[in-house]
Amino acid sequence: VHRSSTTARAAGAQGAEKPASEPETTISCPLCLDELNQVHMSGRLMCSTVCGHVFCSVCIRDAIKSMAKCPFCRKKLTLKQYHPIYI
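Oh and the sequence shown: position 9 is 144 in the numbering used here, straight run, nothing missing.
Given below as structure tokens:
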């Protein structure tokens with residue numbers, strides 16, 4: 136498919152506009168509900184499991200100790216199967 140340059144410019148101009156009602160993204164632990172800044176201020180880190188889910192360091196450690204599974208998807212996990220993420 137071939138586009139003329141005016142069509143390409145018009146399409147690019149439309150894509151450059153941001154919708155005014157776009158929700159703001161926040162990162163939080165789904166277990167304790169603390170947001171990223173609260174996690175950092177309390178000396179905790181955000182961590183990712185090998186299955187890709189994100190929790191604060193205290194919540195994921197406690198969850199793995201108590202049930203040996205990811206609290207989100209229930210995949211079996213050990214204490215060596217999560218790591219800090221620096222965001």
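Just so you know, even glycine gets a beta-carbon here, dropped at the ideal spot from N, CA and C.
To the nearest whole angstrom, what separates the beta carbons of residue i and residue j, a pair I think is in contact under 8 Å?
{"i": "L212", "j": "I199", "result": "5 Å"}
{"i": "C164", "j": "H188", "result": "Actually they do not touch by this definition, with Cβ atoms about 10 Å apart."}
Using DSSP with H/G/I as helix, E/B as strand and the rest coil, what is residue i?
{"i": "I220", "result": "strand"}
{"i": "V174", "result": "helix"}
{"i": "T184", "result": "strand"}
{"i": "S163", "result": "strand"}
{"i": "K211", "result": "strand"}
{"i": "C205", "result": "coil"}
Span of the alpha helix (DSSP H) holding residue i?
{"i": "S192", "result": "S192 to M202"}
For residue i, which residues of its own chain have a beta-carbon under 6 Å away from its beta-carbon, when the five flanking residues on both sides are left out?
{"i": "C186", "result": "C205, C208 and K210"}
Please return the same chain residues whose Cβ sits closer than 8 Å to the Cβ of residue i, not counting the five positions on each side in sequence.
{"i": "I222", "result": "I162, L171 and M181"}
{"i": "A203", "result": "K211, L212 and T213"}
{"i": "C191", "result": "C164, L166, C167, D169, V174, R179, L180, M181 and C182"}
{"i": "S201", "result": "none"}
Excluding sequence positions up to five away, which residues of its chain have a Cβ less than 7 Å from the Cβ of residue i?
{"i": "T184", "result": "I195, C205, L212, Q216 and Y217"}
{"i": "V193", "result": "R179"}
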